[in-house]
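Participant: Next up is a structure, given as structure tokens.
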Amino acid sequence: MDTDDAAKPPSPRLRVALLACGIASAAVAAAVLLAVTLTVFRVREPVMTMNAISVKGFGGAAPGGGGGSSPLWMTVVADVSVRNPNAASLRYAGSKTAVYYRAARVGGASGPPGTARARRTVRLNVTVSVAVGALLGDPGFLGDVAAGAVAVTTATTVRGRVAVLGGVVRRRVVLEMNCTATVAVADMSIRNQSCLQRVWL
Numbered sequence: 299m300d301t302d303d304a305a306k307p308p309s310p311r312l313r314v315a316l317l318a319c320g321i322a323s324a325a326v327a328a329a330v331l332l333a334v335t336l337t338v339f340r341v342r343e344p345v346m347t348m349n350a351i352s353v354k355g356f357g358g359a360a361p362g363g364g365g366g367s368s369p370l371w372m373t374v375v376a377d378v379s380v381r382n383p384n385a386a387s388l389r390y391a392g393s394k395t396a397v398y399y400r401a402a403r404v405g406g407a408s409g410p411p412g413t414a415r416a417r418r419t420v421r422l423n424v425t426v427s428v429a430v431g432a433l434l435g436d437p438g439f440l441g442d443v444a445a446g447a448v449a450v451t452t453a454t455t456v457r458g459r460v461a462v463l464g465g466v467v468r469r470r471v472v473l474e475m476n477c478t479a480t481v482a483v484a485d486m487s488i489r490n491q492s493c494l495q496r497v498w499l
């Protein structure tokens, strides 16, 4: 082979071909990275589920209350779970649950902050004390009791944040679950429960 021919630089046409090949490879790699980002690391909507609403009984002292004449309270436990389908943890500031009777708020409580690990489900059990006096203040309450069923509504809100790609992508998440349930007066069991979830990203 002629050493002078071997030492010749690539022709302009070959250089253009090599440059085009490099650009095409970089474009393919960028497309693959974008596809992975949009599928694996895309922020998905967490799912909140109301597993159960139960009435635990009555008490004569309000939560955190002192001595003296205390109003009568009914204890309601909301068993809520949050499923995090994302590839990163969901950190939430805490849950807030309120109980309503005929659109009037009769009780409320807050749950502690926490973390729902990636692709895991966390349980949020919130105990709410409902003021029986507020129920008795509604003229329709005694009629519902006489009929054997009292309809109540619960509203649970969870606010948090999901960070993916090492914190490059951060999304605030607000979960809201509104449930309507009927309490059977005879045994204090829950009947005809229905829930609606809303998510804001």
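Going by this note's numbering, the first residue of the sequence shown is number 299, and it counts up by one from there. Quick reminder that beta carbons are idealized off the backbone N, C-alpha and C, glycines included. Computed from a predicted structure; not experimentally measured.
Is it right to say Asp-442 is buried, meaning 16 or more other beta carbons lie within 10 angstroms of its own, or is it exposed?
Facilitator: As a first step, residue 442 must be located in the sequence shown, where it is residue number 144. The residue in question, Asp-442, is buried, as its Cβ has 16 or more Cβ neighbours within 10 Å.
Participant: Rank Ile-488, Ala-432 and Val-472 by C-alpha distance to the C-alpha of Tyr-390 and give the top, closest one.
Facilitator: For this step, residue 390 is matched to residue 92 along the sequence shown. Closest by alpha carbon: Val-472.
Participant: Any idea if Trp-371 is buried or exposed, counting beta-carbon neighbours within 10 angstroms, 16 or more meaning buried?
Facilitator: By one-based count along the sequence shown, residue 371 stands at place 73. It is buried - the Cβ of Trp-371 has at least 16 other Cβ atoms within 10 Å.
Participant: Can you tell me whether Gly-458 is helix, strand or coil according to DSSP?
Facilitator: Taking the sequence shown and counting its residues from 1, one reaches residue 458 at position 160. In this structure, Gly-458 counts as strand in the three-state DSSP scheme.
Participant: Less than 7 angstroms separating the beta-carbons of Thr-395 and Val-424?
Facilitator: Position 97 of the sequence shown, counted from the start, is the residue given in the question as residue 395. Position 126 of the sequence shown, counted from the start, is the residue given in the question as residue 424. Contact flag set, yes.
Participant: So if DSSP puts Asn-476 in a beta bridge, which residue, or which two residues, is it bridged to?
Facilitator: Taking the sequence shown and counting its residues from 1, the one referred to as residue 476 is at position 178. DSSP lists Ala-453 and Leu-494 as partners of Asn-476.
Participant: If we ignore side chains and look at the alpha-carbon of each, how far apart do Lys-354 and Val-341 end up?
Facilitator: Counting from 1 along the sequence shown, the entry for residue 354 is found at position 56. Counting from 1 along the sequence shown, the entry for residue 341 is found at position 43. The alpha-carbon atoms of Lys-354 and Val-341 are separated by roughly 38 angstroms.
Participant: Give the straight-line distance between the Cα atoms of Val-448 and Glu-474, rounded to the nearest whole angstrom.
Facilitator: Here residue 448 refers to the residue found at position 150 of the sequence shown. Here residue 474 refers to the residue found at position 176 of the sequence shown. Spanning the two alpha carbons is a distance of roughly 23 angstroms.
Participant: Using CA atoms only, rank isn't needed, just tell me which of Arg-457, Arg-459, Tyr-399 and Arg-496 is closest to Val-481.
Facilitator: Residue 481 sits at position 183 when you count from the first residue of the sequence shown. Measuring from the Cα of Val-481, the nearest candidate turns out to be Tyr-399.
Participant: For Ala-429 versus Ile-351, is the C-beta spacing smaller than 7 angstroms?
Facilitator: Counting from one through the sequence shown, the residue named residue 429 turns up at place 131. Counting from one through the sequence shown, the residue named residue 351 turns up at place 53. Contact flag unset, no.
Participant: To the nearest angstrom, how far is it from the Cα of Val-380 to the Cα of Pro-410?
Facilitator: Here the question's residue 380 lines up with position 82 in the sequence shown. Here the question's residue 410 lines up with position 112 in the sequence shown. So the alpha carbons of these two residues sit roughly 14 angstroms apart.
Participant: With DSSP run on the structure shown, which of helix, strand or coil describes Gly-412?
Facilitator: By one-based count along the sequence shown, residue 412 stands at place 114. Strand.
Participant: Determine the closest residue to Asn-476 out of Arg-418, Arg-468, Ser-408 and Gln-491, with distance taken between C-alpha atoms.
Facilitator: Here residue 476 is taken as the residue at index 178 of the sequence shown, counted from 1. Nearest option by C-alpha distance: Gln-491.
Participant: In whole angstroms, what separates the C-alpha of Ala-432 from that of Val-404?
Facilitator: Residue 432 sits at position 134 when you count from the first residue of the sequence shown. Residue 404 sits at position 106 when you count from the first residue of the sequence shown. Answer to the nearest angstrom: the Cα atoms are 6 angstroms apart.
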